[in-house]
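Comments concern the structure below.
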Amino acid sequence: MDYQMPKYEVGITDINVVVRRLGYISAILRLLEHKTLSESVLYTRLERWSLNHKQNLKDYANEQGFIKATRGQTASKRYTNFVVSMGLIGRIAGACRVTRFGKPLLPFLRRIPSQNPFELTDAERCAYLYWLLLKDGDQLLTVIRMLVEKHSRSLSGLQNAFPTFYLQQLKDRMLTAEEHVAPEILAVRNRVAHWGEGTGRSIENIVPPRLHWLADLGLVAVENDGKRQARLTEMGIQFSQSLPKIQGTLTFHTSSVWLRQQFFGMAGQVLVGKIDRQWTEIHNSERRELLHKLTFQAFETLRSTPAPQISLYPALIYMALLLMKDNGIAVNLEELHADLDAFSKEPDPRYTVRFSHRENESYLIFFPT
13 MDYQMPKYEV GITDINVVVR RLGYISAILR LLEHKTLSES VLYTRLERWS
63 LNHKQNLKDY ANEQGFIKAT RGQTASKRYT NFVVSMGLIG RIAGACRVTR
113 FGKPLLPFLR RIPSQNPFEL TDAERCAYLY WLLLKDGDQL LTVIRMLVEK
163 HSRSLSGLQN AFPTFYLQQL KDRMLTAEEH VAPEILAVRN RVAHWGEGTG
213 RSIENIVPPR LHWLADLGLV AVENDGKRQA RLTEMGIQFS QSLPKIQGTL
263 TFHTSSVWLR QQFFGMAGQV LVGKIDRQWT EIHNSERREL LHKLTFQAFE
313 TLRSTPAPQI SLYPALIYMA LLLMKDNGIA VNLEELHADL DAFSKEPDPR
363 YTVRFSHREN ESYLIFFPT
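What follows is the structure in structure tokens.
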């Protein structure tokens, strides 16, 4: 895939306590789709969409996180910042558009009118959890660990405990951190170590949103009956048991390598539950046939230039989601990559995988038939 050295993802920071509903990510992607919109137009359309779906949010299990129209359009801006931080949309000169990583999700966001847009589909849940672990792993996994260890179920207790658990997360991450990212982790750890009495508001912007993201993913149950408590669901417990830990510690860590090699296979089994087969259990000839079909579907969906090529990484995510949705097959990104590479070396190939040193990126290139 892409061979640049992984950078340290500090986490999603440019949000506030309102940013709780992952369904708004899908709304933003649908509003943009293949268009480029100015930020002000996007914010206005998002506020209008939110108002039109207010009843859907009330009917949903958790109705917090509503985007209310205001003069400053604060909630719309914060949700947009969230989707930018996840890498699914980008900002250029005051305008927003879907990125190459947001594009693979678009075909999975089409709904029948009767569906509640805040009830996420399997594809949405798998994709959003993937990007949250990649972009916000240390903070999200800290929240999960607190729930696993049952330190507290109350929101106030979880918020009070977060700095201690987060410091431990960062300390343990230093044990296995690559040399080029260790200083970045240390800098974050030093900032957290100096959090004082005035950081309650900042932690309010960290813990409640993440609890609600996990609730939207089906991993956490949030009780809003006055007790303000949270607990892992059965699915959440199963998910936590599937997470890798740093050796010799109780600290969860999902590296970019683990996400490529293990995530979609595990998520298919835990989050979806409708998986019939794992990719590695399928005979070579069937895998070859499936990939032949999938690569051309990916090409038609993701192509953005006249050149007969598409970026490999987004294509793998699209194919993994499609196999899960249409075929009941769980497959990891590296498994797809390995087979694409192997099958492209057979006689009369339809495509090849090529790495561009200039762009430091891998592409799936198609040959004319």
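Heads up: the sequence shown begins at 13 in this note's numbering, then just goes up one per residue. Built from N, CA and C at the ideal position, the CB exists for glycine as well. The model shown is predicted, which means the values in this text are computed figures rather than measured ones.
query	result
Per DSSP, what kind of secondary structure is GLN85 in: helix, strand or coil?	coil
Under the rule that 16 or more other beta-carbon atoms within 10 Å means buried, what is ALA73, buried or exposed?	exposed
Mind checking whether ARG5 and ALA242 have CB atoms under 8 Å apart?	Outside the shown range of the chain (13 to 381) lies residue 5, about which nothing can therefore be said.
Less than 8 Å separating the beta-carbons of PHE174 and VAL219?	yes
Measure the CB-CB distance between TYR91 and ILE79 and report whether it falls below 8 Å.	yes
How big is the Cα-Cα spacing for GLY114 and VAL160?	31 Å
For LEU146, does the count of other Cβ atoms within 10 angstroms reach 16, so buried, or fall short, so exposed?	buried
Would you say the region 287 to 294 touches the region 305 to 322, given that touching needs at least three Cβ pairs under 8 Å?	no
Buried or exposed for LEU187, going by 16 or more other Cβ atoms inside 10 Å?	exposed
Report all residues from its chain with a CB closer than 7 Å to the CB of HIS65; omit the five preceding and five following residues, and keep chain order.	PRO129
Going along the chain, which unbroken runs of the beta strand (DSSP E) with 3 or more residues stay wholly within the region 96 to 135?	101 to 104 and 107 to 110
Who are the Cβ neighbours of ARG32 in its own chain at under 6 Å, not counting the five residues just before and after it?	GLN76, GLY77, PRO221 and HIS224
To the nearest angstrom, report how far apart PHE355 and PRO361 are at their CA atoms.	7 Å
When burial is assigned at 16 or more other CB atoms within 10 Å of the CB, is LEU63 buried or exposed?	exposed
Quick one: what's got a C-beta closer than 6 Å to ASN28's C-beta in the same chain, skipping five residues either side?	ARG90 and ASN217
Only counting the same chain, and skipping five residues up and downstream in sequence, which positions put a Cβ closer than 6 Å to that of GLU347?	TRP291
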